[in-house]
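Visitor: Chains as they are written, first to last, in this note's numbering: chain Y, 3 to 316; chain X, -14 to 275; chain Z, 20 to 380; chain R, 5 to 268; chain E, 38 to 270.
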Amino acid sequence: MKAILRSRLTPLLALALVMALVPMIAPTSFHLRVAALVWIFSLAALGLTILMGYAGQVSLGHAGFLGIGAYAVAIGPARLGLDPLLCLLLGAVLSGLVAWLVGRPILRLKGYYLAIATLGFGVIVALILHSETELTGGPDGMSVARVTLFGWRVTGALNWYWVSAGALLVGALLALNIAASPTGRALRALHDSEVAATGAGIDVSAKKLAAFVLAAVYAAVAGGLLAAMNGLITPEAASFSHSVELVAMVIIGGLGSVFGTVLGAAFLVVLPQALTAFQEYEQAVLGLLIMVFMIFLPQGIVPSLRALIEERLP
Amino acid sequence: MSEFLQLAFSGLTVGAIYALIALGFTLIYNASDVINFAQGDFVMIGGMGTVFLMAAGLALPVAALIAVIAAVLVGLLLHRLAIEPARGASPVTLIMITIGASIFIKGVSQILFDKQFHSLPAFSGDTPIPVGGATILPQSLWVMGTALALVVALYLFLEHTLVGKAVLATAANRLAAKLVGINVALVLALAFGLSAAMGALAGVVATPITLTRYDIGTLFTLKGFAAAMLGGMGNPVGAVVGGLLIGLIETFAAGYLSSTYKDAVAFLMILVVLLFMPRGLFGSRAVERV
Amino acid sequence: ADPIKIGSVVSATGPAAFLGDPEAKTLKLYVDELNKKGGLLGRPVELVLYDDGGDANKARTFATRLVEDDKVVAMVGGTSTGATMAMIPVFEEAGIPVVSLAGGIEIIEPVRAFVFKTPHTDKTACQKIFEDMKARGITKTGMISGTDGFGKSMRNQCLKVIGQYGITVLADESYGATDSDMTPQLNKIKNTAGVEAVLNPGFGQGPAIVTRNYAQLGIKLPLYQSHGVASKSFIELAGPAAEGVRLPAPAILIDDKLADNDPQKPVVAEYKTSYEKASGQPVSTFGGYAYDGIQLVARAIESAKSADPKKIRDALEATKGYVGVTGIYTFTPTDHLGLGTDSFRMLVIRNGDWALEAPAR
Amino acid sequence: MSTPLLDVSGIGIAFGGVRAVDEVSFKVATGEVFSIIGPNGAGKTTLFNLVTGIYRPSRGTVRLDGADITAVPPHLRVRSGMARTFQNLQIFFRMTAVENVMVGCALSERTSFLADLLGLPSVFRQNRVTRAKALALLERVGLADLAEAPAGALPYGALKRLEIARALAADPKVLLLDEPAAGCNAVETEAIDNLIAAVAKSGVAVVLIEHDMKLVMKISDRVLVLAQGRPLAEGPPRAVRENPQVIAAYLGDIGSREADRAHG
Amino acid sequence: MLTVEALSSAYGRIMALREVSLEVKAGEIVALVGSNGAGKTTLLRAISGVQPVCGGRILFEGEAIERLEPHLRVMRGISQSPEGRQVFGPLNVEDNLKLGAYRRQDARRQARLDHVYGLFPVLAERRKTPAMSLSGGQQQMLAIGRALMAGPKLLLLDEPSLGLAPLLVDQILAAVTSLRTEGITTLLVEQNASAALAIADRGYVLETGHIAMEGSGAALLEDPMVRAAYLGL
Ligand SMILES: Nc1ncnc2c1ncn2[C@@H]1O[C@H](COP(=O)(O)OP(=O)(O)OP(=O)(O)O)[C@@H](O)[C@H]1O
Ligand SMILES: Nc1ncnc2c1ncn2[C@@H]1O[C@H](COP(=O)(O)OP(=O)(O)OP(=O)(O)O)[C@@H](O)[C@H]1O
Ligand SMILES: [Mg+2]
Ligand SMILES: [Mg+2]
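#1: Take Z/Asp330 as the anchor and find which of Z/Lys339, Z/Tyr49 and Z/Val316 has the nearest alpha-carbon.
#2: Heavy atom of ligand 2 less than 7 angstroms from the Cβ of R/Asn92, yes or no?
#3: Is any heavy atom in ligand 3 found nearer than 7 angstroms to the beta carbon of E/Lys135?
#4: Which residues in chain X sit within 7 angstroms of R/Gln94, going by Cβ to Cβ distance?
#5: Once DSSP output is grouped into helix, strand and coil, what is the label at E/His108?
#6: What is the DSSP secondary structure of E/Ala53, counted as helix, strand or coil?
#7: Taking 8 angstroms as the cut-off, decide whether the C-beta atoms of Z/Ala43 and Z/Val29 are in contact.
#8: If you run the structure through DSSP and keep just helix, strand and coil, what is E/Glu251?
#9: Can at least three beta-carbon pairs, one atom from the stretch 223 to 233 of chain E and one from the stretch 61 to 74 of chain E, be found at a separation below 8 angstroms?
#10: Tell me whether the stretch 121 to 135 of chain Y and the stretch 250 to 262 of chain X touch, counting them as touching only if at least three CB pairs, one residue from each stretch, are closer than 8 angstroms.
#11: Find the residues of chain X that neighbour R/Phe90, judging by a C-beta separation of less than 7 angstroms, and give them in chain order.
#12: Starting from the C-beta of Z/Thr360, find all residues in its chain whose C-beta is less than 6 angstroms away, skip the five residues before and the five after it, and write them out in chain order.
#13: Once you ignore the five residues that flank X/His103 on each side, which residues in its own chain have a CB closer than 6 angstroms to its CB?
#14: Would you decide whether R/Pro43 is buried or exposed? Buried here means 16 or more other CB atoms lie within 10 Å of its CB.
#15: Closer than 8 angstroms between beta carbons: that is the criterion. Which residues of the stretch 170 to 196 of chain Y meet it against chain R?
#16: Pick out whichever of R/Asn53, R/Ile223, R/Ala253 and R/Ala173 has its Cα sitting closest to the Cα of R/Val133.
#17: I'd like to confirm the pairing. Which residues does DSSP put opposite Z/Lys44 in its beta bridges?
#18: Any chance the CB of X/Arg274 is under 7 angstroms from a heavy atom of ligand 1?
#19: Go ahead and label X/His145 buried or exposed: buried means 16 or more other beta carbons lie within 10 angstroms of its beta carbon, across all protein chains shown.
#20: With DSSP as the reference, identify every bridge partner of R/Phe38, one or two as the case may be.
#21: Identify whether Z/Gly123 lies in helix, strand or coil by the three-state DSSP scheme.
#22: Less than 7 angstroms between C-beta atoms, sequence neighbours within five positions excluded: which residues of the same chain meet that for E/Glu103?
#23: Using only the alpha-carbon positions, how far apart do R/Leu199 and R/Arg88 sit?
#24: What is the rounded straight-line gap between the Cα of R/Leu111 and the Cα of R/Leu10?
#25: Quick check: is any heavy atom of ligand 1 less than 7 angstroms from the C-beta of E/Lys165?
#26: For E/Val67, which beta-bridge partners are listed by DSSP?
#27: Is X/Val258 close to chain Z, meaning its C-beta is less than 8 angstroms from at least one C-beta of that chain?
#28: Starting from Z/Lys13, trace the beta strand (DSSP E) both ways and give me its first and last residue.
#29: Using a threshold of 7 angstroms, is the CB atom of R/Lys164 nearer than that to any non-hydrogen atom of ligand 4?
#30: Can you tell me which of the three DSSP states X/Lys284 falls into?
#31: Would a check of beta-carbon distances place R/His215 closer than 8 angstroms to chain Y?
#32: Can you confirm whether Z/Pro226, when its beta carbon is compared against all beta carbons of chain X, has any partner nearer than 8 angstroms?
#33: So, is E/Leu39 buried or exposed, given that buried needs 16 or more other C-beta atoms within 10 angstroms?
#34: So that I know if they touch, is there some Cβ in chain X lying closer than 8 angstroms to that of Z/Asp74?
#35: Please decide whether R/Gly123 counts as near chain Y, where near means a Cβ-Cβ distance under 8 angstroms.
#36: Which residues bound the beta strand (DSSP E) around X/Pro115?
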């Protein structure tokens, strides 16, 4: 039992199982859309899981990278006539490149200082997307061309459901691969002690940068998918509150847990839909629930529950 | 010259508001290593509370006092019901709790108050005071004065009283703090209560200038956090200098460069400063030994 | 009978709550009214209202929910242009009529079969303002606009039409949606030689702060605000500084000053009284848009004698001379707004209250 | 002495006024155990920090195997054969004991970021190799039965040994140990004693900081005494422990007695 | 003065202390020895109230204290110098010491401060230095000094000699002995067992969470099992 709980692929299988089940029980394409959004935001948050959960480096501007990916898919086809799918890739590369440029200087900062630096980065990206109306359509956003996958026009909730689910599965697999590899060990090590990691011959700044770039690529791909699925993107996608939301997904699900991140994303995407029943009290209830979860599952949903279960098992 | 002066006055006013909020962060951070994301909401409670109490017929000073007390109660409740039960949780978890609290406070305020913008009458009238070709509003002086008074008070408290030291000790090493007999729960409650009071006070003096609404706290949290980090987290003098600097940078950027990108300019400046001084302008220089 | 479901997605919270909140309140109020009067076609009306918090992505999700899950027959809403644009494809595809409450001209240009809107476009407001400027001999202006969707879109529309009035823009400044001090920008405009008037497209607290800073800097030029501040709370927020501010606004702000034979007078008076009684807050233009939206849909259902979305759409498009709070609407297959510049009136703030300016020219 | 493996000359640093290390030079050869002792605050740990590159010296040079590494960043010094333990424990508390040591093996691992990301079979082969090596090292320091325990749950003495295992994992040519026996009782110290001797014998130059005089006097080939950042004495253990200056500044009664006991 | 009765404590499911009983009489020096992981630190932490216990009682001056918050135990006169030093890193040396007397703002605070500075002159030299930049041994001195500042009735020392130069170990142990003449009772955990037992009135041997042996210091020093397992003789 414990072996199953600890196995690397358990979360992946669980996830695949859930993905296969949802379309069977989802009554309408609205539910499929919500599920697809969960997968997409999970993907974005997974990057943060690597960066924050493994390497312990906070980013409060991660929606900025999501915005870069999203607008690449919007701007490329509309302004440059490029293929949307190509733009998804270009967006990921661009986002990684920006992360590399920005990360080199700022990853030397620690803790809250890194948080404010990344926050600043995110604010600047959002501001550019907001202000360069010619390019981005300004605050009201811009529409996004339909995506064609090898001649197949991706439309409809079910198709997007599978595309986003597939993307998340790949993302989750890569994240789990990293966790179980020397790189993952190095990241978790520098989380606890940078001096000791250096003392083990690990190039701490290079590893941090790699995690940062990878996280940016995850976010960009998620952003691209979001934009393509919605057919429209607004600068809101890159906003500070979105960055906080991504961080919240990672923390609520459980720092460093891949499956937890998906649960965290589900929590924050599905809950507002469920809470509409409370009408004006929606926000208050949401805040309350976040507090209650964090108080009673302080390490996040998955690690806290796992600890509880392991404690009860012989 | 008069233009420069005018921009400087504006910058100092806005900066003093940021500084007041940054000061609020300082205490909770110093006691617990936590950034309180509900700090801006304390500011909102101060402003909105006063507005609604005045609308109910109370005089400004009375209304302000009650609003500040209400904010302190909220701060204490936040500590008692959310922070204290999660005792021993990591700072990330505690920060997440404060984020939840911030959403909760906004959610309740939009029902308790409303979703409109509100203002307070300026304490000493609206007549601009001309200085060297530029003008400054009397309310700006109130804001700056309050910031000055609070920074001095906080500095004296932290540096020159044993209870202040106990606050710092609690954040530095909670285990050791318990072992020397510090009542850690009490210290944290004190920090939350006082931070809330400072936040609410900031709200009362700033509202005649910034106006207020149930969700204005997010903005205040963001700017106050930036100010506190620029100055060096945990240092009250740093908080004030950081706040004033950001206010000035924003204003001068808007005045001389681009009003669209003034926030970007401010954050770029913060980045540049942090690259050379990774712990902010007044952050501790001592390094952890290995 | 099972209820007729009318959907709505508004930004009741978030940065556009200033607009979305009165919209939501109005919709609830008038759906209740409808039901008190026995509903529509003998069936009760159910309002399914969601709050997108100002996030276009959320709006889109709620749009799907309204269509797929709630199965609404019509929809009133989309507070912002961004949210509306995000939702349109969903409703177009499902063939469900939308009456948007957002200002952007791109919502109805090009005309989409199922999309209508009640607010004046920014363009109309700009035209009204420039007409007034021209009549007063102003040819050079300074502009300061909010960078939110409303301010930015109106700025762009104004720049598009300004040439037709022979007016030039000498200074073009902006401020962020949450800024609390605009003196630097205003100071720049003040120091720009030749400026004869200042125009401030924007909504929320921004224009109030602009107005106060304007007074603080002692700028004596005429200040034009937009219909984005058309609510009594603007006068409260801006305080004495608001004296003399001019703005285009719908009839709703000056119900008591309308001519007795003005067809809008009774409508406006009724809405104002009901809304202020129910919400305890002053009416605004935004609530008025929602009023017109829900009334248009209700009328369409009645005249279509059917709750079938396609029929409602057809009936909507056939609307002629509906006297609303915002203006008098006549939709055609090529015009899904159906308002002219005459639905705006030029107001000026005097003694802390709105006053009607004699029509220019 | 054959060619020195580690050659530190004239090194120094000051922290605002305090000259923590001042003109210190020493050489260590392969297979040698070289100890550094001195009063608290003498600058021993700081010296380690200079040698391993955590602090940049204000003057002086560090040579390893003939190459000047004074300006080489710390993680690359490990690559050229330098590993250390820390006086203020630097443990990866969220990882298990064996994972801590596996991190120490980073240098000998042959995978790339891309391979790690894709989860190629080579990564898992590598993991198995690394794990086996780490377990062997834990065995060597006597922690085999705690391999899967979270490091955060280990008692202080065990953590000290865990650090030694992690340092050994880098296959160092020079091993710098900062108070490895602190927190260990006499019997446990003996085990560490044997471990150090064996490591030295296998051809590693060991630099040892320690306040346990029995240990120092027993296994050191040479001893350097620091006081207030400067060398006070240097030489074979016997000479050092009889040096009256050293007795007065550092050893005292207990120290002398223990030092004597080492040689019986 | 201190009676521990059948005290148990666990980390998760790992029992670190199993029904440990011991007694410290007023004015005594009691040494507690045991190998790595025996539970010595856990026991001291439990007495100070920073470690949850799952059974048993702790009586101090006849009153049960096992439910009291840590700061209340300090107020009753229990003070500890913890393992791993645990100084207040960003605060300077003097502030660390003053905080040691947080619950003892009496007239003798200055005298105790002078006493600590006398015991460790280097702390006086560096009184304005942030504790985190002190050397390891200096921090250890600070931790001990801070515990003394509370003017305790019962002093708990967890490996006070750890990282201290031999000369200072002499001084520390001498200081503990002299504290007894001032009426301070000490429970001493030491790896340097021979030195600790030499100054102790009585000693306990802790083995994997339970008391394996007890006796006078001298008797334990002579015990063949103790000599083999802990003294390495
Ligand atoms: N980063 C620093 N900032 C300020 N002072 C420092 C710093 N590092 C070391 N020092 C000072 O330098 C001196 C030497 O410290 P070091 O840690 O090297 O001593 P040590 O010989 O290892 O002592 P111990 O035996 O107690 O471990 C001490 O006085 C210490 O306070
Ligand atoms: N945080 C923890 N989580 C889990 N187990 C722990 C924790 N701390 C200690 N333990 C376990 O409790 C037992 C007792 O540890 P303790 O630190 O009390 O030993 P000790 O006698 O002080 O050892 P040392 O001489 O090394 O300091 C050990 O087996 C240890 O593994
Ligand atoms: Mg040292
Ligand atoms: Mg211990």
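Glycine included, C-beta positions come from ideal geometry on N, C-alpha and C.
Guide: Taking the structure as given:
#1: According to the sequence displayed, residue 330 of chain Z carries Lys and not Asp. Z/Lys330 has its Cα closest to that of Z/Val316, out of Z/Lys339, Z/Tyr49 and Z/Val316.
#2: The nearest non-hydrogen atom of ligand 2 is 7 angstroms or more from the C-beta of R/Asn92.
#3: No, ligand 3 has no heavy atom inside 7 angstroms of this Cβ.
#4: What R/Gln94 touches in chain X: Val275.
#5: In this structure, E/His108 counts as helix in the three-state DSSP scheme.
#6: In the structure shown, the three-state DSSP call for E/Ala53 is strand.
#7: It is a contact, given that the beta carbons lie within the stated cut-off.
#8: Here E/Glu251 sits in strand by DSSP.
#9: Contact holds: three or more Cβ-Cβ distances are below 8 angstroms.
#10: Verdict: yes, contact present.
#11: Below the 7 angstroms Cβ cutoff, chain X contributes Val275 as neighbours of R/Phe90, in chain order.
#12: The beta carbon of Z/Thr360 sits closer than 6 angstroms to the beta carbons of Thr143, Gln146 and Lys147 from its chain, once the five residues preceding and following it are set aside; these are given in chain order.
#13: If the five residues before and after X/His103 are omitted, its C-beta is found closer than 6 angstroms to the C-beta atoms of Val36 and Thr197, all from its own chain and listed in chain order.
#14: With 16 or more other Cβ atoms inside 10 Å of its own Cβ, R/Pro43 counts as buried.
#15: Across the stretch 170 to 196 of chain Y, CB contacts with chain R closer than 8 angstroms involve Leu175, Leu176, Leu178, Asn179, Ile180, Ala182, Ser183, Pro184, Thr185, Gly186, Arg187, Ala188, Arg190, Ala191, His193, Asp194 and Ser195, in sequence order along the chain.
#16: Ranking R/Asn53, R/Ile223, R/Ala253 and R/Ala173 by CA distance to the CA of R/Val133 puts R/Ala173 first.
#17: DSSP lists no partner for Z/Lys44.
#18: X/Arg274: yes, Cβ under 7 angstroms from ligand 1.
#19: Exposed: under 16 other Cβ atoms inside 10 Å.
#20: According to DSSP, which records beta bridges pairwise, R/Phe38 is partnered with R/Val211 and R/Arg226.
#21: Under the three-state reduction of DSSP, Z/Gly123 is assigned to coil, being neither helix nor strand.
#22: Correct list, in chain order: Val90, Arg94 and Ile95.
#23: Approximately 15 angstroms between the Cα atoms of the pair.
#24: Rounded to whole angstroms, R/Leu111 to R/Leu10 spans 20 angstroms at the Cα level.
#25: For ligand 1, not one heavy atom lies less than 7 angstroms from the Cβ of E/Lys165.
#26: Looking at the DSSP assignment, E/Val67 forms a beta bridge with E/Leu224 and E/Arg239.
#27: No, because no Cβ of chain Z sits closer than 8 angstroms to the Cβ of X/Val258.
#28: What the structure shows of chain Z is the stretch from 20 to 380, and residue 13 of chain Z is not part of that stretch, so it cannot be assessed.
#29: At a threshold of 7 angstroms, R/Lys164 does not count as near ligand 4, since its beta carbon sits no closer than that to any of the ligand's heavy atoms.
#30: The shown model of chain X, from -14 to 275, leaves out residue 284 of chain X, and the question about it has no answer.
#31: Using a Cβ-Cβ cut-off of 8 angstroms, R/His215 does not count as an interface residue toward chain Y, since no Cβ of chain Y sits closer than that to its own.
#32: Output row for Z/Pro226: interface = no.
#33: Counting the other CB atoms within 10 Å of its CB gives E/Leu39 a total of 16 or more, which places it among the buried residues.
#34: Closer than 8 angstroms: no.
#35: It does: the Cβ of R/Gly123 has a partner Cβ on chain Y nearer than 8 angstroms.
#36: X/Pro115 -> beta strand (DSSP E) spans Ile114 to Val116.
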